[in-house]
Amino acid sequence: TISVSAEGKTVVSPDLASFSFSVISEGKDPSVISEANVKKINSAIDYIKGSVGQKDVLVLVSGGVDSTVCATLLAKAIPAEKIHAIHIDNGFMRLGESNEVKVALGKIGIDLKVVEAAEKFFHGTTTLKGKTTNLLSETISPEEKRLIIGDQFMKVSQREIEDLGLNLEEVVLAQGTLR
15 TISVSAEGKT VVSPDLASFS FSVISEGKDP SVISEANVKK INSAIDYIKG SVGQKDVLVL
75 VSGGVDSTVC ATLLAKAIPA EKIHAIHIDN GFMRLGESNE VKVALGKIGI DLKVVEAAEK
135 FFHGTTTLKG KTTNLLSETI SPEEKRLIIG DQFMKVSQRE IEDLGLNLEE VVLAQGTLR
C-alpha cells in the first residue's frame with residue numbers, strides 16, 4: 015500500500031516515483047526500483063491473480079496515477095483479453111491527455127476504450143430535491159456541478175458496460191483510488 019505523506023495530499027515519496035516508473039516502463043531500468051518495491055509489486059500482482067481468478071475485469075481509467083497504475087498491474091497479472099479498460103473523456107481533460115493515456119496503456123497491451131462524452135457532460139443535468147438542475151454549462155454551484163458530473167459519469171459508464179455486454183455479477187471491478 016501507499017501511505018499519505020506527512021505533507022498531506024502532496025506525494026513526495028521517491029518510492030512512488032520508482033514504483034510508477036518500474037510498473038509503467040516494465041522495469042527497463044532495474045536500478046531505479048528497490049527490492050522493497052519489487053516485493054510490493056509482486057504482492058499486488060499475486061493479490062490480483064488470487065482475487066480475479068478466471069473472471070473478466072472492468073477498470074475505469076481516469077488518466078490519473080491511481081487508475082493508470084491499477085490498469086498496469088492488471089496487465090502484469092492477467093491476460094489482456096480479460097481486461098476491459100474504459101476512459102471517459104468528460105471534456106475536462108488537458109488537451110491531448112486522453113490520447114496520451116490510451117497510447118501509454120497500449121504500449122503495455124491494454125486496449126483502452128476512450129469514450130468521447132464532452133457534449134453529454136456539457137449538456138448534462140441531474141435531479142436535486144425533486145427538481146431538474148440547470149445544464150452543467152449553466153451551473154454555478156460547485157455542489158450541483160459535482161452532482162451533475164457524477165450523474166453523467168454513471169450514465170455514460172452504464173451505457174458503455176452494456177455496450178461491452180458485460181454482466182456486472184460476473185465481472186470484477188478494479189479501482190485505482192488508493193484511499
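Residues in the sequence shown are numbered from 15 upward in steps of one, following the working numbering.
Don't be surprised by glycine CBs; every beta carbon is placed ideally from N, CA and C.
Other residues of its chain near residue i: CB distance less than 7 Å, five sequence neighbours each side excluded
i	result
Val128	His101, Asp103, Ser112 and Lys116
Phe135	Asn104, Gly105, Leu150, Ile163 and Gln166
Thr24	Interpretation of Thr24 is limited by its pLDDT of 38, a score under 50 that renders its predicted location unreliable; no figure is taken from the coordinates.
Sub-7 Å separation of residue i and residue j beta-carbons
i	j	result
Ile124	Ala85	yes
Glu158	Thr147	yes
Asp80	Gly190	yes
Ala58	Leu87	yes
Lys53	Ala91	no
Ala165	Thr140	The sequence as given places Asp at residue 165; Ala does not occur at that position. Against a cut-off of 7 Å, the Cβ pair of Thr140 and Asp165 comes out as a contact.
Member of the options whose CA lies at the smallest distance from the CA of residue i
i	options	result
Leu150	Thr141, Ile162, Gly144 and Leu142	Ile162
Glu130	Ala58, Val186, Leu187 and Phe167	Phe167
His137	Thr153, Gly144 and Lys143	Thr153
Gly77	Val170, Gly110, Ser48 and Tyr61	Gly110
Lys121	Ser48, Ser171 and Thr82	Thr82
Val75	Met107, Leu182, Lys143 and Lys145	Met107
Sequence-distant residues of its chain with Cβ nearer than 8 Å to residue i (five each side left out)
i	result
Leu142	Glu158 and Leu161
Ser171	Leu74, Ile100 and Ile102
Val186	Ser65, Val66, Lys69, Asp70, Val71 and Leu72
Would you say the segment 91-101 touches the segment 68-80, given that touching needs at least three Cβ pairs under 8 Å? yes
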